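Note sheet for the following structure.
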Amino acid sequence: MTTPENTTPCPEHRGLPVGRMPELRMMPAPSDANVYGDVFGGWIMSQVDIAGSLPATRRANGRVATISVNSFVFKNPVFVGDLLSFYADIVKVGNTSITVNVEVYAERNRLQACTVKVTEATLTYVATDSDRKPRKVPPLETLLA
Ligand SMILES: CC(C)(COP(=O)(O)OP(=O)(O)OC[C@H]1O[C@@H](n2cnc3c(N)ncnc32)[C@H](O)[C@@H]1OP(=O)(O)O)[C@@H](O)C(=O)NCCC(=O)NCCS
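With the first letter of the sequence shown counted as 1, position 74 gets the number 74 in UniProt numbering; the numbers rise by one all the way through.
Okay, here's the thing in structure tokens:
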């Protein structure tokens, strides 16, 4: 069978980032794709939001809410059956906010070892209390103690 993922050339293959653990790995299903067979941008955005929230939640030592999607670039299409790896790194910690960079790589044509960076985004989360109001991000030392 000819599918988009096994007919698309793989000019940028560099493999997955070395020495880094993805926060999330997902494989989109046919129900996540549009009529052209590409995965919906909105589906990718929701997974990116979840992936970014994981280090933010750890750093906040509790609940966070997404306040802003600062940038979002869909560099390459995502196809049904791609194995997606979401890498998330905290790039800034403010008084109540935590900003996270998320990079997404797709492993496609897996028998031909094709890995493509598909998305990069930066999102800001706010640490919130049980009333959903902003609270201070705790000092790092208190988390390590
Ligand atoms: C998140 C929320 C509680 C923050 O309350 P708020 O009164 O708007 O927040 P503040 O104005 O006090 O700002 C809080 C932090 O966010 C930052 N911030 C505010 N607007 C921002 C923006 N547009 N982009 C990036 N950061 C922003 C502020 O600089 C501040 O950071 P700091 O404390 O580190 O300096 C509130 O905005 C909210 O409930 N939003 C809806 C969240 C939501 O439903 N998200 C989707 C589902 S998770």
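By construction, the Cβ of each residue, glycine as well, lies at the ideal position given by its N, Cα and C atoms.
Predicted model, so just to flag it, every value in this text is computed and none were measured.
DSSP bridge partner residues for residue i (one or two, in chain order)
i: proline 134; result: Thr128
Heavy atom of ligand 1 within 7 Å of residue i beta-carbon
i: threonine 124; result: yes
i: alanine 128; result: In the sequence on display, residue 128 carries threonine and not alanine. Under cutoff, so the answer is yes.
i: isoleucine 67; result: yes
i: glycine 94; result: yes
i: serine 97; result: yes
i: lysine 117; result: no
i: proline 138; result: no
i: proline 17; result: no
Cα-Cα separation, residue i to residue j
i: leucine 123; j: phenylalanine 74; result: 15 Å
i: threonine 115; j: phenylalanine 79; result: 12 Å
i: alanine 56; j: tyrosine 87; result: 13 Å
i: glycine 60; j: serine 85; result: Residue identity differs from the one stated: residue 60 is alanine in this sequence, not glycine. For alanine 60 and serine 85, the distance between alpha carbons rounds to 23 Å.
i: asparagine 6; j: glutamine 47; result: In this prediction, asparagine 6 scores a pLDDT of 49, lower than 50, which makes its location untrustworthy; the coordinate-derived value is nonetheless stated afterwards. About 24 Å.
i: asparagine 109; j: glycine 15; result: 12 Å
i: alanine 121; j: glycine 81; result: 22 Å
Inset, instruction - Pick out the complete alpha helix (DSSP H) segments inside the UniProt domain "HotDog ACOT-type" (18-131), 4 residues or longer, and give them in chain order. - result: 41-60
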